[in-house]
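Quick note on numbering: the sequence shown equals residues 141 to 275 in the working numbering.
Reading through the structure tokens given below for one structure.
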Amino acid sequence: MKILFKIATAATLLTAATMAHAGCMRCDPILNISNAPVTSASGKPLTNDQVRGAIIRAGATLGWQMKESGPGKLTATLLVRKHTAEVEITYSPASYDINYKTSTNLDAGDGQIHKNYNGWIQNLNKGIAVQLSAS
């Protein structure tokens, strides 16, 4: 009986050590969007204001709160239950970037973050592309 107890204890400790080393079990590398092209349905160039408007509309549709943080720059914040994600979006008439800034309760660290964050960023990127193409 003592041998079974020792084996079970060793297995439990090994599992705990492995999980601690693995870190966040539901994490992926942080997704940033770089140089996403700005394209309109007409093919005509868009102005900075049109790009800004498309980004704000896309974000609002998905629950992101947008705040201007400088020329050609927005800070977007998403609150989901106890989780918060904040990104910086830089834009021009040619392209835009979405870059991770900070988060709460998303297990961010060492370039990794909870995989739900990446889904939110993918949805925001798709939403911006849809709004731009409608401009």
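Glycine included, C-beta positions come from ideal geometry on N, C-alpha and C.
| query | result |
| --- | --- |
| Buried/exposed call for R221, threshold 16 Cβ in 10 Å | exposed |
| Best match in C164, R166, L171, N175 for proximity to P233 [C-alpha to C-alpha] | N175 |
| Local conformation of K207 per DSSP, three classes | strand |
| Limits of the beta strand (DSSP E) - the one that K313 falls within | Residue 313 lies beyond the range of the chain shown here (141 to 275); nothing can be said about it. |
| Sub-8 Å separation of Y236 and I268 beta-carbons | yes |
| Rounded straight-line distance, which links the Cα of A181 to that of S273 | 5 Å |
| Close Cβ partners of Q205 (< 6 Å) along its chain, the five nearest in sequence each way excluded | T217 |
| For A248 and H161, the rounded distance between their alpha carbons | Confidence at H161 is low in this model, with a pLDDT of 34, below 50, so the placement of that residue should be treated as unreliable; the coordinate-derived value is given next. For H161 and A248, the distance between alpha carbons rounds to 15 Å. |
| CA nearest to the CA of G210, picked from G199, I229, H223, P177 | I229 |
| Spatially closest choice to Y231 from S243, G212, S275, by CA coordinates | G212 |
| L214 to C164 span [Cα, whole Å] | 29 Å |
| Close-in-space but distant-in-sequence residues of the same chain around C167 (CB under 7 Å, 5 per side omitted) | D247, Q252, I253, H254, K255 |
| Under 8 Å between C-beta atoms of N258 and I173 | no |
| Alpha-carbon spacing of T201 relative to Q271, whole angstroms | 10 Å |
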